[in-house]
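Here's the structure we're looking at; comments come further down.
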Amino acid sequence: MANHSVGREGFLKHQVILALSVILDDPVFMCRMHMHMAYRSVAQVPQGADSILASGLIPFLVEKLEEEEEEIQEVILDTLYFCLQWDSLQALQSNAVPILREKLTSPNEDIRSKAARTLMAICMLLDGKNEVWRHDVIPLLVMLLDDPHIDVKGNAAGALMFATVTTEGKYAALDAGAIPFLLELLDVDLPKVRLNAIKTLTMLAEAPEGRRDLLPQVNKFKALFQDPVLYVRHAAQIATKVIEWKP
Amino acid sequence: MWRISRFNFEKEHLIQPLPFLYSFQDVEYDTLELDEEPIRYGNIMYDRRVIRGNTYALHTYPPTSQPDPVELQRQQEAKRKALARKRAREHLRPRSPEPVEGRKHADVQTELYLEELADRIIEVDMECQTDAFLDRPPSPLFIPAKTGRDVATQILEGELFDFDIEVKPMLEVLVGKTIEQSLLEVMEEEELAELQMQQQQFEELRNLELAEVQRLEEQERRHQEEKEHRRQQQLEVLHKQNETSKKIAARAYAKMYLADLLPSVFSNLRDKGYFYDPVERDIEVGFLPWLMHEVDKTIEYNMLGRIVLDMLIREVVETRLNMFEQLGAKQSEVLPDENDKEREESLTTGAEQFIEGSQRSSQRDSQWDSQGGSLRYDSLDSAFTNQRESFERGASFDP
Chain A
73 MANHSVGREG FLKHQVILAL SVILDDPVFM CRMHMHMAYR SVAQVPQGAD
123 SILASGLIPF LVEKLEEEEE EIQEVILDTL YFCLQWDSLQ ALQSNAVPIL
173 REKLTSPNED IRSKAARTLM AICMLLDGKN EVWRHDVIPL LVMLLDDPHI
223 DVKGNAAGAL MFATVTTEGK YAALDAGAIP FLLELLDVDL PKVRLNAIKT
273 LTMLAEAPEG RRDLLPQVNK FKALFQDPVL YVRHAAQIAT KVIEWKP
Chain B
14 MWRISRFNFE KEHLIQPLPF LYSFQDVEYD TLELDEEPIR YGNIMYDRRV
64 IRGNTYALHT YPPTSQPDPV ELQRQQEAKR KALARKRARE HLRPRSPEPV
114 EGRKHADVQT ELYLEELADR IIEVDMECQT DAFLDRPPSP LFIPAKTGRD
164 VATQILEGEL FDFDIEVKPM LEVLVGKTIE QSLLEVMEEE ELAELQMQQQ
214 QFEELRNLEL AEVQRLEEQE RRHQEEKEHR RQQQLEVLHK QNETSKKIAA
264 RAYAKMYLAD LLPSVFSNLR DKGYFYDPVE RDIEVGFLPW LMHEVDKTIE
314 YNMLGRIVLD MLIREVVETR LNMFEQLGAK QSEVLPDEND KEREESLTTG
364 AEQFIEGSQR SSQRDSQWDS QGGSLRYDSL DSAFTNQRES FERGASFDP
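Chains A and B supply the protein sequences, listed in that same order.
Each number in the working numbering comes from the position in the first sequence (counting from 1) with 72 added on.
Each number in the working numbering comes from the position in the second sequence (counting from 1) with 13 added on.
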């Protein structure tokens, strides 16, 4: 029902969210699974995300993240991803960053990619960025750039993209040696991955050390000017501009 | 063969009533097993087990007692005897000779009318028993007998309608609808997939843009910070420069100001006498006061002497005056008032002058002038001369 927008409005009107939260602890697996899927669908709408935040469910979801089976974990991670784009304060308070950090090392690749995506959402707000830097997640993300699974790479690059906006993030990433990995990612087929990689490199190029390292590689960016996807071209142009900027 | 009945406990032997045999004689009982001997029916009147007559005085053993050993023996003997009798009987019975080898005896009926022989009487147990009382069964449904005429009709294939033709539109509708539905569903799915893709793309783009915005923001912020920083630095430099120049100016000014301070100071000091020749100073400080002091002392002595002298003279004069007055009073009492007055006036003036002069001298004594005591001395001297003159005037009255 929540897949349709009318259904979602109905949800919000009747405060079904709260009622559903009772099922969080239900012993039956399918019950919880469906409930989480409903939440995920609700959270994709801004109002839905707002109401989920308002009903204070985020701490519970973060707890459940630790305990539930993997499939449900994936759904929860998705829900969190949508909610956290608006306000990550509750999640930070409920100590989500260390948990997500653990999940980054989980053997299941879906979980890894979704955890990286959630981290990306957390990093969109400034508090999240600082938290992420403080918990030393950035080196982990840099490691994930090397992951065999493409999705994971893309999401890790995305998370880094946001995390490196702050200066500390930039230097942390540079120290962890992110540049070589990101340069590899520029050749990947999936446009999302390329976009994220370019953006992250742009961020890193803001720092003088980054610029110094990237200046010899400018040709790679110039090669991307011919990329079929429009946004990749734009991003490549911006990147070259940043790299070659002289103060 | 009768079974052992419990009816008569003591009689355990088998009771064989007189057999009611058929006409054939050679009954080979050896072929039969003992158990399967035909059941012999007998007359109940002659059955030994049935107790006849008075039953009140029967010699019935209690059921629990063991049969007496005597009784047992007797029974056994009776049994043996019966057996022996039987065997004897069997032995004595005339039998047909044994069959020759290869042949067998066969039983044959010799009567006129052959009967079917059966070894055993076919018996059937029949029982009859009335049922227990049953409920009255329900009355059967009353179905009246059929009345009327039966008529039958039969529709053969192809008479009513042609299936194929009729079914076509329906089929078309059905199939069409199904296909349409499935098409719709597939399209919906595709649309959903498309939407999903678009959503994803949009999301990526959004993320990208967001990152870009944040980066630019960050850049701006940093630039601003840098600018602020530089500006601050510049301000500081300026400030410092300002201060330095001010300091320099102040220094120059102060220098200038103080430039001719020194000579003036020195001149001032010199004027004030702070630079002195020590010998001169010494003379001035040490010697001259002493000198003056001595001079003063001397003059004081002098003055003292003169005062004493004056006092002496005054006393003398006063006594003389008194004497003269007395004399005068004695001699003439004509001119006493005026002369006295005059004399007194001149005396008093002289005394006043004298006192004045002494006062002046004492005053003069206090102010010691470096320009020499000679002047003073002269003034003192003049004062003294004045006094003396006045005194002398007073004293020179001589009638």
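Ideal Cβ placement from N, Cα and C applies to all residues, glycine included.
Model, not experiment: these values are computed from the prediction.
For residue i, which of helix, strand or coil comes out of DSSP?
i              : result
D148 (chain B) : coil
V250 (chain B) : helix
L45 (chain B)  : Per-residue confidence for L45 (chain B) stands at a pLDDT of 44, beneath the threshold of 50, marking its modelled position as unreliable; no derived number is given.
L257 (chain A) : helix
M275 (chain A) : helix
W317 (chain A) : coil
V301 (chain A) : coil
L125 (chain B) : coil
H104 (chain B) : helix
P291 (chain B) : helix
M196 (chain A) : coil
G249 (chain A) : coil
A311 (chain A) : helix
A70 (chain B)  : coil
E136 (chain B) : coil
C155 (chain A) : helix
V298 (chain B) : helix
G115 (chain B) : coil
Y243 (chain A) : helix
D285 (chain A) : helix
R162 (chain B) : coil
G128 (chain A) : coil
Y314 (chain B) : helix
Please list, in chain order, all residues of the same chain as residue i whose beta carbon is under 7 Å from its beta carbon, the five residues on each side excluded.
i              : result
L325 (chain B) : none
A231 (chain A) : A188, L191, M192, C195, L213
T151 (chain A) : H108, Y111, R112, A115, L133
N220 (chain B) : none
For residue i, which residues in chain B fall below 7 Å Cβ to Cβ?
i              : result
S264 (chain A) : Here residue 264 (chain A) turns out to be Lys, not Ser, going by the sequence shown. In chain order: E217.
M275 (chain A) : R228
F253 (chain A) : Neighbours of F253 (chain A) on chain B: none; closest Cβ ~18 Å, over 7 Å.
Y303 (chain A) : L218, L221
M196 (chain A) : L223
G249 (chain A) : Near G249 (chain A) there are no residues of chain B at all, since even the closest Cβ is about 21 Å away, more than 7 Å.
G230 (chain A) : N220
L267 (chain A) : E217, L221
Use the C-beta contact count for residue i: other C-beta atoms within 10 angstroms, 16 or more gives buried, fewer gives exposed.
i              : result
W303 (chain B) : exposed
A269 (chain A) : buried
G128 (chain A) : exposed
F155 (chain B) : exposed
G299 (chain B) : exposed
F154 (chain A) : buried
R264 (chain B) : exposed
T191 (chain B) : exposed
R294 (chain B) : exposed
L164 (chain A) : buried
E307 (chain B) : exposed
T238 (chain A) : buried
G115 (chain B) : exposed
Determine whether the beta carbon atoms of residue i and residue j lie at a separation below 9 Å.
i              : j              : result
T236 (chain A) : M275 (chain A) : yes
H221 (chain A) : S185 (chain A) : yes
A228 (chain A) : L246 (chain A) : no
M105 (chain A) : E143 (chain A) : yes
V224 (chain A) : L172 (chain A) : no
L255 (chain A) : K292 (chain A) : yes
R284 (chain A) : L296 (chain A) : no
D122 (chain A) : S160 (chain A) : no
M233 (chain A) : K271 (chain A) : yes
P211 (chain A) : A248 (chain A) : yes
Q227 (chain B) : E278 (chain A) : no
Which chain A residues sit within Cβ distance under 8 Å of residue i?
i              : result
L275 (chain B) : Those within 8 Å of L275 (chain B) in chain A number zero; the least Cβ separation is about 56 Å.
Ignore the nearest five residues each way along the sequence and tell me which others in residue i's own chain have a CB closer than 8 Å to its CB.
i              : result
V290 (chain A) : T312, I315, E316
Q89 (chain B)  : none
A308 (chain A) : I270, F293, K294, L296, F297, D299
Can you list the residues of chain A that residue i reaches, using a CB-CB cut of under 7 Å?
i              : result
Q232 (chain B) : E278
For residue i, return the contacting residues in chain B, with the cut-off set at a CB-CB distance below 9 Å.
i              : result
A307 (chain A) : L221, E225
K271 (chain A) : N220, L221, A224, E225, R228
F234 (chain A) : N220, L223, A224, Q227
So, at 6 Å on beta carbons, what are the nonlocal neighbours of residue i in its own chain, with the 5 sequence-adjacent residues on each side left out?
i              : result
K175 (chain A) : I183, A187
E240 (chain A) : W205
Taking 9 Å as the threshold (beta carbon to beta carbon), is residue i in contact with chain D?
i              : result
V237 (chain A) : No chain D is present in this structure, whose protein chains are A and B.
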